[in-house]
Amino acid sequence: MKTLVVYYSRTGKTKFVAEKVATALKADIEEVVDMKNRNGRFGFLKSGYDATRGNETEIKETQNSPSNFDLVVIGTPVWNSRPASAISTYLKRNNFAGKKVAVFCTNEGMGEEKAIERTKALISNGNIVGELVVSKVLENQEENESKISYWCNKLASL
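Sequential numbering of the sequence shown, starting at 0, is according to numbering that gives the first Met the number 0.
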(Lines of atoms letter the chains of each structure in order from A and count residues from 1; the text may use other names and numbers.)
(Lines give C-alpha, C1' and ligand atoms only; values in the text may rest on other atoms or scores of the structure.)
Protein backbone atom coordinates (compact mmCIF):
# COMPACT_ATOMS: atom_id res chain seq x y z
CA MET A 1 0.00 0.00 0.00
CA LYS A 2 1.50 3.32 -1.08
CA THR A 3 1.53 5.60 1.96
CA LEU A 4 2.22 9.28 2.60
CA VAL A 5 2.83 10.79 6.03
CA VAL A 6 2.08 14.52 6.11
CA TYR A 7 2.83 16.51 9.24
CA TYR A 8 3.44 19.94 10.73
CA SER A 9 5.72 20.43 13.72
CA ARG A 10 6.57 23.68 15.49
CA THR A 11 8.81 22.16 18.17
CA GLY A 12 9.98 18.91 16.57
CA LYS A 13 7.78 16.58 18.63
CA THR A 14 5.26 15.87 15.87
CA LYS A 15 8.16 15.46 13.43
CA PHE A 16 9.66 12.84 15.77
CA VAL A 17 6.43 10.83 15.70
CA ALA A 18 5.91 11.35 11.95
CA GLU A 19 9.36 9.94 11.22
CA LYS A 20 8.64 6.87 13.38
CA VAL A 21 5.34 6.32 11.56
CA ALA A 22 6.91 6.81 8.11
CA THR A 23 9.69 4.35 8.91
CA ALA A 24 7.28 1.72 10.25
CA LEU A 25 4.98 2.04 7.22
CA LYS A 26 7.79 2.45 4.67
CA ALA A 27 6.02 5.65 3.67
CA ASP A 28 6.95 8.82 1.88
CA ILE A 29 7.02 11.74 4.29
CA GLU A 30 6.29 15.43 3.78
CA GLU A 31 6.44 18.34 6.17
CA VAL A 32 3.86 21.09 5.79
CA VAL A 33 5.88 24.29 6.14
CA ASP A 34 4.14 27.30 7.71
CA MET A 35 5.54 30.51 6.24
CA LYS A 36 4.65 32.47 9.40
CA ASN A 37 7.26 32.80 12.12
CA ARG A 38 5.84 30.84 15.05
CA ASN A 39 8.98 30.77 17.17
CA GLY A 40 9.20 31.93 20.77
CA ARG A 41 6.53 32.95 23.25
CA PHE A 42 4.77 35.33 20.85
CA GLY A 43 4.76 32.67 18.14
CA PHE A 44 3.24 30.20 20.59
CA LEU A 45 0.48 32.65 21.53
CA LYS A 46 -0.18 33.60 17.90
CA SER A 47 -0.37 29.91 16.99
CA GLY A 48 -3.05 29.22 19.58
CA TYR A 49 -4.99 32.31 18.52
CA ASP A 50 -4.88 31.39 14.82
CA ALA A 51 -5.97 27.82 15.53
CA THR A 52 -8.84 28.97 17.76
CA ARG A 53 -10.08 31.40 15.10
CA GLY A 54 -9.72 28.81 12.34
CA ASN A 55 -7.36 31.15 10.50
CA GLU A 56 -5.65 29.72 7.47
CA THR A 57 -1.95 30.38 7.12
CA GLU A 58 0.42 30.66 4.22
CA ILE A 59 2.04 27.27 3.63
CA LYS A 60 4.80 26.26 1.26
CA GLU A 61 3.53 24.28 -1.71
CA THR A 62 3.75 20.56 -1.00
CA GLN A 63 5.46 18.14 -3.36
CA ASN A 64 3.14 15.14 -2.98
CA SER A 65 -0.55 14.95 -3.81
CA PRO A 66 -2.76 12.73 -1.63
CA SER A 67 -4.34 11.47 -4.86
CA ASN A 68 -1.15 9.50 -5.59
CA PHE A 69 -1.37 7.43 -2.41
CA ASP A 70 -3.61 4.69 -0.99
CA LEU A 71 -3.18 5.80 2.63
CA VAL A 72 -2.47 9.32 3.90
CA VAL A 73 -1.42 9.76 7.52
CA ILE A 74 -1.88 13.28 8.91
CA GLY A 75 0.13 14.44 11.94
CA THR A 76 -0.52 17.61 13.93
CA PRO A 77 0.26 19.09 17.30
CA VAL A 78 -2.71 20.09 19.46
CA TRP A 79 -3.17 23.85 19.54
CA ASN A 80 -5.92 24.89 21.92
CA SER A 81 -7.91 21.67 21.25
CA ARG A 82 -7.47 22.14 17.50
CA PRO A 83 -5.10 21.06 14.74
CA ALA A 84 -2.25 23.41 13.87
CA SER A 85 -3.19 26.11 11.36
CA ALA A 86 -0.76 24.71 8.77
CA ILE A 87 -2.50 21.32 8.88
CA SER A 88 -5.96 22.91 8.76
CA THR A 89 -4.87 24.87 5.69
CA TYR A 90 -3.40 21.76 4.06
CA LEU A 91 -6.55 19.73 4.70
CA LYS A 92 -8.82 22.46 3.32
CA ARG A 93 -6.77 22.64 0.12
CA ASN A 94 -6.66 18.91 -0.62
CA ASN A 95 -9.28 16.36 -1.55
CA PHE A 96 -9.02 12.89 -0.06
CA ALA A 97 -11.78 11.28 -2.14
CA GLY A 98 -11.49 7.52 -2.05
CA LYS A 99 -8.39 7.60 0.15
CA LYS A 100 -7.79 5.90 3.46
CA VAL A 101 -6.78 8.55 5.97
CA ALA A 102 -5.34 8.16 9.46
CA VAL A 103 -4.77 10.99 11.92
CA PHE A 104 -2.38 11.38 14.82
CA CYS A 105 -1.82 14.27 17.17
CA THR A 106 0.83 15.11 19.71
CA ASN A 107 0.15 17.03 22.87
CA GLU A 108 1.68 18.13 26.11
CA GLY A 109 -1.57 19.03 27.86
CA MET A 110 -5.18 18.40 27.02
CA GLY A 111 -7.70 18.78 24.21
CA GLU A 112 -6.53 15.87 22.10
CA GLU A 113 -9.99 14.33 21.55
CA LYS A 114 -11.41 17.61 20.24
CA ALA A 115 -8.31 18.16 18.12
CA ILE A 116 -8.67 14.71 16.52
CA GLU A 117 -12.38 15.27 15.83
CA ARG A 118 -11.75 18.73 14.37
CA THR A 119 -8.95 17.38 12.20
CA LYS A 120 -11.13 14.55 10.89
CA ALA A 121 -13.92 17.05 10.12
CA LEU A 122 -11.56 18.89 7.74
CA ILE A 123 -10.79 15.78 5.69
CA SER A 124 -12.98 15.96 2.61
CA ASN A 125 -14.34 12.68 1.30
CA GLY A 126 -11.67 10.52 2.92
CA ASN A 127 -12.29 7.23 4.69
CA ILE A 128 -10.93 7.65 8.23
CA VAL A 129 -9.23 4.37 9.17
CA GLY A 130 -7.34 5.25 12.33
CA GLU A 131 -6.45 7.81 14.95
CA LEU A 132 -3.73 8.05 17.55
CA VAL A 133 -2.86 10.44 20.37
CA VAL A 134 0.76 10.64 21.47
CA SER A 135 1.07 12.51 24.76
CA LYS A 136 4.26 13.82 26.33
CA VAL A 137 6.26 12.69 23.31
CA LEU A 138 9.73 12.94 24.81
CA GLU A 139 8.84 12.02 28.40
CA ASN A 140 7.03 8.73 27.70
CA GLN A 141 9.23 7.46 24.87
CA GLU A 142 9.05 3.73 25.59
CA GLU A 143 5.27 3.74 26.04
CA ASN A 144 4.75 5.99 23.02
CA GLU A 145 7.00 3.93 20.76
CA SER A 146 4.98 0.86 21.69
CA LYS A 147 1.71 2.69 20.89
CA ILE A 148 3.08 3.96 17.59
CA SER A 149 4.31 0.49 16.60
CA TYR A 150 0.97 -1.13 17.45
CA TRP A 151 -0.96 1.56 15.52
CA CYS A 152 1.30 1.25 12.48
CA ASN A 153 0.87 -2.53 12.45
CA LYS A 154 -2.90 -2.02 12.38
CA LEU A 155 -2.61 0.49 9.52
CA ALA A 156 -0.28 -1.79 7.56
CA SER A 157 -2.84 -4.59 7.72
CA LEU A 158 -5.60 -2.54 6.06
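Glycine residues also receive a C-beta, built at the ideal position from the N, C-alpha and C atoms. Owing to the predicted nature of the structure, the values given are computational and were not obtained by experimental measurement.
Burial of Ala-83 is indicated by the presence of at least 16 other C-beta atoms within 10 angstroms of its C-beta. Closest in alpha carbon position to Leu-121, among Gly-110, Gly-108, Val-102, is Val-102.
Excluding residues up to 5 positions away in sequence, Thr-105, Asn-106, Glu-107, Glu-111, Asn-143 lie with their Cβ nearer than 8 angstroms to the Cβ of Ser-134 in the same chain. DSSP, reduced to helix, strand and coil, places Ala-96 outside both helices and strands of the structure shown, so it counts as coil. If only complete runs of 4 or more residues are kept, the segment 39-71 shows the alpha helix (DSSP H) at 39-52, in order along the chain. If you draw a 10 Å sphere on the C-beta of Tyr-6, you find 16 or more other C-beta atoms in it, and that means buried. Closest by C-alpha distance to Ser-87, out of Ala-50, Phe-68, Glu-60, Asp-69, is Ala-50. By the C-beta criterion, the segment 35-42 is judged not to be in contact with the segment 64-81, since fewer than 3 inter-stretch pairs fall below 8 angstroms. The C-alpha of Asn-93 is placed about 28 angstroms away from the C-alpha of Tyr-149.
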